[in-house]
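Student:
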Amino acid sequence: MSQKTLQAVRGMNDILPDEAELWERFEEVIRSWLHSYGYRPVRMPIVEPTGLFKRAIGEVTDIVEKEMYSFEDALNGEQLTLRPEGTAGCVRAVIQHSLAAQQPRRLYYMGQMFRHERPQKGRYRQFHQVGVESFGFTGPDVDAEQILMGARLWDDLGLEGISLQINSLGQPEERARHRAELIAYFEAHAELLDEDAQRRLHTNPLRILDTKNPAMQEMCAQAPKLLDFLGPESLAHFEGVQQVLRDAGVPYTVNPRLVRGLDYYNLTVFEWVTDRLGAQGTVCAGGRYDGLVEQLGGKPTPACGFAMGVERLIALIQDQDLAGGPEAVDVYVVHQGESASRLAFRVAEGLRDNGMAVILNCGSGSFKSQMKKADGSGAAYAVIIGDDEAAAGEVTLKSLRSADGEKGEQQRVKVDDLPATLMESIIDWEEE
RNA sequence: GCGGCAUUAGCUCAGUCGGUAGAGCACUGGAUUGUGAUUCCAGGUGUCACCGGUUCGAUCCCGGUAUGUCGCCCCA
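Pasting the structure below:
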């Protein structure tokens, strides 16, 4: 434990059985939810050429400048990178296979992403995202639908305390004009800018508006607003999105300071945020990126997508006591003696033939210790096989989940009758 | 990448004003022959994160490293 070589890489976590079962249940909810909106799965490599991310995400973003796991393939000198996000690879796949050439596409993927950041709760160097992307849809309807999807998912998962913020970044030209005026404005008030703001002035001036420095609040409130730079088409698109949200009764806040970290976004951007995860409050975020496909060498194709942070959602599920317990098997088979053990294998396989989950006691152990394991497994029933039973071609079927203090009822059952008897009992038991 | 706090049995934690350590849970065995969860009895739990310094002596004080955590930055 203290030996460095035996530890997982910093910021990369093992997900142990109790939690992994929750992950699998989560993934099942995700798949059925995506299917209900007609999204289809796609799986891309975890490693892509480094240049793909530089072109897609933007050279001067934090991700590309200092967070990517990049390396040279020692065998052929290729520059490769562990994907820090999924959209770039997805777009690459869409272009490479002409997926959106004939018709619009709705795609999703889930899996690991890698960013070399300082780990803390809700932020890891290997983390998981569910990514949802649409290609070929121009209007605000897909943006709105994707936002509605989030609302439904939180409901499906039973999560509370997640709220929606939206904004429009307009088109690149509109954003560029605003940015220029914003920088000019800040430069005109240079004496008010703190150190943070100075640094951001030319890298990410929109972020200055997020300042917590009271001395800058008033100056920021007067700064040029991006919405004032949007043309009629951009405004109409934004209004189209909001119309659907209002119709659907999904509450939202327009946050003019909401900007996405990646360069490729335009028009609609949105974030689902919670105040229950500390500093990492964003559980789901995305927006439209109409220029990216063309920028990466494909035919001009409008696109819109979002990604969810799986670790953050899992943390919310756990915090809100929605995690559920470990997944128990139906039956634990206790046996002792050679002929009994041989029969036990046959019995266990026979139950599995009937769709039941069965743990066969492996290794030695007294009846007592086997029964303890049976109880600990969470199984509803123990099937007990000793020499008596084996000789008679029977087993003892014992209930392990009777009322507190009550001894579990048990009965002798012919081996051939066991599956039918058990299935009836399990159905009765689950109905109670 | 920057700053604060933390690191003691498998888990959750207590403790030693510096003299090599405890509780609960869990685990294992037992309380009449082949029966769990309840009860009773017994038992191992540990280089007190790692490396170095101060000291007769450090788990405790100091420094560094690692990891976690909170915040900043950034983001899912």
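Quick note: the first sequence uses the numbering used here, first residue 457, plus one each step. Note that the Cβ used here is the ideal one computed from N, Cα and C, for glycine as well.
I need the DSSP call for Lys870, collapsed to helix, strand or coil.
Tutor: It is a strand residue.
Student: In the DSSP assignment, the alpha helix (DSSP H) including Leu807 goes from what residue to what residue?
Tutor: Element bounds for Leu807: Glu794 to Asp809.
Student: Could you tell me which residues DSSP puts in a beta bridge with Leu816?
Tutor: Paired residue(s): Val789.
Student: Hey, how far is the Cα of Gln751 from the Cα of Asp474?
Tutor: About 44 Å.
Student: Suppose the cutoff is 8 Å on Cβ atoms and the five residues either side in sequence are ignored; what does the same chain contact list for Leu657 look like?
Tutor: Here the set comprises Ile639, Phe642, Glu643, Leu649 and Ile664.
Student: Using C-beta distances below 7 Å, list every residue in its chain close to Gly514, excluding the 5 sequence neighbours before and after it, in chain order.
Tutor: Here the set comprises Val520, Leu718 and Asp719.
Student: Taking the Cβ atom as the reference point for each residue, do Ser855 and Gly842 lie within a distance shorter than 8 Å?
Tutor: No.
Student: Quick one: any contact between the stretch 739–757 and the stretch 791–804, if contact means 3 or more CB pairs under 8 Å?
Tutor: With a cut-off of 8 Å, the stretch 791–804 and the stretch 739–757 do not count as touching, because too few Cβ pairs lie within range.
Student: Assign Pro661 to one of two classes, buried (16 or more other C-beta atoms within 10 Å of its C-beta) or exposed (fewer than that).
Tutor: Classification for Pro661: buried.
Student: Can you look up Val851 in the DSSP assignment and give me helix, strand or coil?
Tutor: Reduced to three states, the DSSP call for Val851 is strand.
Student: Would DSSP call Leu563 helix, strand or coil?
Tutor: Three-state DSSP puts Leu563 in a strand.
Student: Under 8 Å between the Cβ atoms of Val503 and Cys546?
Tutor: Cβ atoms of Val503 and Cys546: not closer than 8 Å.
Student: Name the DSSP beta bridge partners of Asn623, please?
Tutor: DSSP lists Val725 as partners of Asn623.
Student: Starting from Gln582 and walking both ways along the beta strand (DSSP E), at which residues does that stretch end?
Tutor: Taken as a continuous stretch (DSSP letters only), the beta strand (DSSP E) holding Gln582 covers Gln582 to Phe591.
Student: If you draw a straight line from the alpha carbon of Thr877 to that of Arg802, how long is it in whole angstroms?
Tutor: For Thr877 and Arg802, the distance between alpha carbons rounds to 16 Å.
Student: Using the C-alpha atoms, what's the distance from Asp873 back to Met812?
Tutor: Distance between the alpha carbons of Met812 and Asp873: 15 Å.
Student: Taking Ser858 as the reference, which of Glu850, Ser881, Gly849 and Glu845 has the closest Cα?
Tutor: Among Glu850, Ser881, Gly849 and Glu845, the Cα nearest to that of Ser858 is on Ser881.
Student: Kindly list the residues whose CB is nearer than 6 Å to the CB of Val465, restricted to its own chain and excluding five residues on each side of it in sequence; keep chain order.
Tutor: Correct list: empty, nothing qualifies.
Student: Is DSSP giving Arg466 helix, strand or coil here?
Tutor: Coil at Arg466, not helix or strand.
Student: Does Glu805 pass the burial test, meaning 16 or more other C-beta atoms within 10 Å, or should it be called exposed?
Tutor: Exposed, because fewer than 16 other Cβ atoms sit within 10 Å of the Cβ of Glu805.
Student: Do Arg732 and Gly578 count as a contact pair if the criterion is CB distance below 8 Å?
Tutor: For Gly578 and Arg732, no; Cβs fall outside 8 Å.
Student: Based on DSSP bridge pairs, tell me the residues matched to Gly676.
Tutor: Going by the sequence as given, residue 676 is Cys instead of Gly. Bridge partners of Cys676: none, in fact.
Student: Across the stretch 815–831 and the stretch 772–779, are there enough close Cβ pairs to call them in contact, namely three or more that are closer than 8 Å?
Tutor: The stretch 815–831 is not in contact with the stretch 772–779.
Student: I'd like to check one pair, Leu620 with Ile603: are the Cβ atoms closer than 8 Å?
Tutor: Yes, the Cβ-Cβ distance between Ile603 and Leu620 is below 8 Å.
Student: Flag this pair as yes or no: are the beta carbons of Ile773 and Leu609 separated by less than 8 Å?
Tutor: Taking 8 Å as the Cβ cut-off, Ile773 and Leu609 do not qualify as a contacting pair.
Student: Tell me the start and end of each unbroken beta strand (DSSP E) in the stretch 518–546 that is at least 3 residues and wholly inside, in chain order.
Tutor: Runs found: 525–528 and 535–538.
Student: Indicate whether Met524 and Pro501 have their beta-carbon atoms separated by less than 8 Å.
Tutor: Cβ atoms of Met524 and Pro501: not closer than 8 Å.
Student: At the level of alpha carbons, what is the spacing between Gln576 and Leu799?
Tutor: Near 52 Å, if we compare the C-alpha coordinates of Leu799 and Gln576.
Student: Starting from the Cα of Gln673, find the closest Cα among Leu686, His645 and Pro782 and give me that residue.
Tutor: Considering only alpha carbons, the answer is His645.
Student: For the alpha helix (DSSP H) holding Val516, just list the boundary residues, first then last.
Tutor: Unbroken run through Val516: none, as it is neither H nor E.
Student: Sort Tyr493, Ala679, Glu647 and Arg511 by Cα distance to Ala636 and report the nearest one.
Tutor: The shortest C-alpha separation from Ala636 is found at Ala679.
Student: Quick one: any contact between the stretch 555–564 and the stretch 581–591, if contact means 3 or more CB pairs under 8 Å?
Tutor: Counting Cβ pairs under 8 Å, three or more are found: they touch.
Student: Output the distance between the C-alpha atoms of Leu691 and Gly737, rounded to the nearest integer angstrom.
Tutor: Straight-line Cα distance between these residues: approximately 28 Å.
Student: Please classify Pro782: does DSSP put it in a helix, a strand, or coil?
Tutor: Pro782: coil per DSSP, three-state reduction.
Student: Roughly how far, in whole angstroms, is the beta-carbon of His634 from the beta-carbon of Leu682, given that I think they are within contact range, below 8 Å?
Tutor: About 5 Å separates the two Cβ atoms, so the contact holds.
Student: State the CB to CB distance for the pair Pro505 and Glu534, rounded to an integer number of angstroms; the pair is presumed to be in contact (CB under 8 Å).
Tutor: About 7 Å; that satisfies the 8 Å criterion.
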